[in-house]
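All remarks here apply to the structure that follows.
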Amino acid sequence: IRIVAALLHGEEVDIRGQEWTTRSAGRMVPLVHEVPVLLSAMSPRMLRVAGQYADGTILWMASAKVIESRVAPAIHAAATGAGRATPRIVAGLPVAVHDDADEAREAVAATATMYAGMPNYQRILEVGGASSPADVAIVGDETSVRTQLQGLLDAGATDIWAAAFPVGPDAKASIGRTKDLLRELATTDG
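For the sequence shown, UniProt numbering begins at 1 and goes up steadily by one.
Given below as structure tokens:
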């Protein structure tokens, strides 16, 4: 991560390590646009690495409670200790605007079964007091979803990765309703 981050930030690299060795030798071309390096991290060790060397972290299935109690403190402490800027925290969760929250949670449960067998996701769900992805999904009517998304930001997320999913027999209309709210939130002050 140190090598990739340095190269993408236009820095010269001369690293000799046990596993990786590289030297850019003055061959770096300035980048036209900044390219952030975000590390998918859930464990304390990976959050420390993200804070020390990356521009932030990307989370999947981490609730506002997890962000506030575990992720933000760990990554901010690591960044501060390394003399780095405050890192980004991208909160990724399934999102559906639907009037029946229970039906929406059932839709998540039916499509997110693979996470039940993955220890890293089980741990992050348990830390947040959840037992399945359905428990952390952002679902409900427009007002409820808006409030839940704001809760992620209030907990320390800097960005939201909303994975819209369909609920009910008309998938296109369901996704459309969710995207309409997300578009509105992205183009206004919320």
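A virtual CB, placed ideally from N, CA and C, is assigned to each residue, including glycine. None of these values were measured; they are calculated from a predicted model.
Beta-bridge pairing of residue i - partner residues as DSSP gives them
i           : result
residue 237 : The structure shown has nothing for residue 237, since the chain only spans 1 to 190.
D14         : R23
T57         : L39 and I89
A164        : V95
Cβ neighbour criterion (16 or more within 10 Å) applied to residue i
i    : result
P36  : exposed
W60  : buried
P133 : buried
R70  : buried
Candidates the options: closest to residue i by CA position
i    : options                  : result
V136 : G117, I75 and A104       : A104
E126 : A25, S174, A110 and S43  : S43
E19  : H9, L8, A25 and R2       : R2
D102 : T111, Y115 and V167      : V167
L93  : L152, L7 and N120        : L152
E68  : T80, W161, T187 and G128 : G128
T111 : F165, Q150, A72 and G81  : F165
R45  : L8, N120, G10 and H33    : N120
R23  : E34, L7, L38 and E184    : L7
Three-way DSSP call (helix, strand, coil) for residue i in this model
i    : result
R23  : strand
D135 : helix
D159 : strand
L185 : helix
I1   : coil
P73  : helix
M118 : coil
E34  : coil
Heavy atom of the ligand COA within 7 Å of residue i beta-carbon
i    : result
I138 : The ligand COA is absent from the structure shown, which contains no ligand whatsoever.
Beta carbon proximity, residue i to chain C, threshold 8 Å
i   : result
A64 : Checking the listed chains, one finds no chain C in this structure; it contains a single protein chain.
Determine, using beta-carbon pairs with one atom in the segment 59-67 and one in the segment 155-168, whether at least three such pairs fall under 8 Å.
yes
If you pair each beta-carbon of the segment 172-181 with each one of the segment 79-99, do three or more pairs fall below 8 Å?
yes
When the Cβ atoms of the segment 79-90 are set against those of the segment 11-30, are three or more pairs found closer than 8 Å?
no
Using a Cβ distance threshold of 8 Å, determine whether the segment 47-58 contacts the segment 10-22, with at least three qualifying pairs required.
no
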